[in-house]
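Under this note's numbering, the residue at position 285 of the sequence shown is numbered 275, and the numbers go up by one with no gaps. We put the beta carbon where it would ideally sit given N, CA and C, even for glycine. For reference, the structure is listed below as structure tokens.
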Amino acid sequence: MKGKIFMILFALPFFGVGVWMGYSIGSNLLDASRMQQWVPVQAALQRAGYESHTGDDSDTYEAYAQYTYSYHGQSFTGHRVAISGGADNIGDYQTDLGNRLRQAMGRGETVTVFVNPENPAEAIVDRSIRWGMVGFKSIFFFVFGGVGLGLIIFVLRSPKEKDLTAPEFRDAPWLANDDWQTESIRSSSKTTMYFAWGFAAFWNLISAFLPFVIYEEVTEKGNMAALIGLLFPLVGIGLLVWALRRTLEWRRFGRAPVELDPFPGSIGGHVGGTIDINLPFDSSAKFSLTLSNLHSYVSGSGKNRSRKESAKWQDVQVAHVSSGPK
-9 MKGKIFMILF ALPFFGVGVW MGYSIGSNLL DASRMQQWVP VQAALQRAGY ESHTGDDSDT
51 YEAYAQYTYS YHGQSFTGHR VAISGGADNI GDYQTDLGNR LRQAMGRGET VTVFVNPENP
111 AEAIVDRSIR WGMVGFKSIF FFVFGGVGLG LIIFVLRSPK EKDLTAPEFR DAPWLANDDW
171 QTESIRSSSK TTMYFAWGFA AFWNLISAFL PFVIYEEVTE KGNMAALIGL LFPLVGIGLL
231 VWALRRTLEW RRFGRAPVEL DPFPGSIGGH VGGTIDINLP FDSSAKFSLT LSNLHSYVSG
291 SGKNRSRKES AKWQDVQVAH VSSGPK
């Protein structure tokens, strides 16, 4: 129980970042949608430009402006420049907008601002959606939110650990494994396929912006060492290939359940069964079957308990092929 609580507490910050980024993206898109009904008016700039903020490892920029405008005979002063407030260094949006406004003010030109007809004191210079910023926030939304939500669901759905020393498991220890309640045991190929796609998506979302950053570093700054960063997208392509191969494997073989006969296999006795796969029957086909004997045991006590496994022996045989339901 303590382990589950710890995992949930560990996952909550990731999930929180995802929720916050999702809220930020949604509110920006909603603002942009309602601003399409706002009225364009001409405004006189009082001050404009952009501010630089120096951090530990990067600089960020924030465009600013102060402007006055009239609407239905009333004068107003506005400061809002863009939908997404705050400083950032995603592309050249902030510096380009700040320079454009400062140059217009220097020439004594007016600029078009958009005024909320229901609240004329509310106005904005640029009501367009920054898709680059949306994409950047989406990475955090999907990656952090997905990891946090996935961990929480995994913990909540994971079965409660069973005590193998309990009387009901003393003579039938295999019943402690929920997958071994019946003689049919499903393969883990579907789980592997989902994991492959999830990990490939996670990796590619994180590294999706790297080619654009690398292009800027190489073309504008001549930093050829930045090309090393291309390894991350290449690994992402390899992960997608892996996920695709797991998908094709799943589609080819299907669930491939093992039907144990006898059930359960007895120590010192026989173990056997049938594996049903989605392949046309071919009497000449050969299937290599590997059977491993694993010694699973628990060591330690209390919070220091841990499960370990060691292989005692392994044997390889050729399985007998026969026609089946599929």
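(request) Locate the alpha helix (DSSP H) running through Ile143, then write down its first and last residues. (result) Trp121 to Arg147
(request) Could you pull the start and end residues of the alpha helix (DSSP H) that Trp193 belongs to? (result) Ser179 to Ser197
(message) What does the alpha-carbon distance come out to for the pair Phe131 and Trp10?
(response) 8 Å
(request) Label Val105 either buried or exposed according to how many other C-beta atoms from any shown protein chain fall within 10 Å of its C-beta, with 16 as the threshold for buried. (result) buried
(message) What does DSSP give as the partner residue(s) for Tyr205 in the beta ladder?
(response) Bridge partners of Tyr205: none, in fact.
(message) Tell me the rounded alpha-carbon separation between Ser118 and Gly135.
(response) 26 Å
(request) Take Gln171 as the anchor and find which of Ser48, Ala186 and Pro163 has the nearest alpha-carbon. (result) Pro163
(message) Within the continuous beta strand (DSSP E) that includes Ile227, where are the two ends?
(response) Note, Ile227: premise wrong, no beta strand (DSSP E); alpha helix (DSSP H) at Leu221 to Phe243.
(message) Buried or exposed, going by whether 16 or more other CB atoms sit within 10 Å of the CB of Phe202?
(response) exposed
(request) Pick helix, strand or coil for Arg317, following the three-state DSSP scheme. (result) What is shown of the chain runs -9 to 316, which leaves residue 317 out entirely.
(message) Tell me which residues share the same chain as Gln27 and place their Cβ nearer than 8 Å to its Cβ, disregarding the 5 neighbours each side in the sequence.
(response) Pro107
(request) Counting only the same chain and skipping the five closest in sequence on each side, list residues whose C-beta sits under 7 Å from that of Gly16. (result) none
(message) For Tyr54 and Gly75, which I take to be in contact (beta-carbon distance under 8 Å), what is that distance rounded to the nearest angstrom?
(response) No, Tyr54 and Gly75 are not in contact; Cβ-Cβ is about 10 Å, not under 8 Å.
(message) Spatial neighbours of Gly290 within its chain, please: C-beta separation below 6 Å, excluding the five flanking residues on both sides.
(response) Ser296
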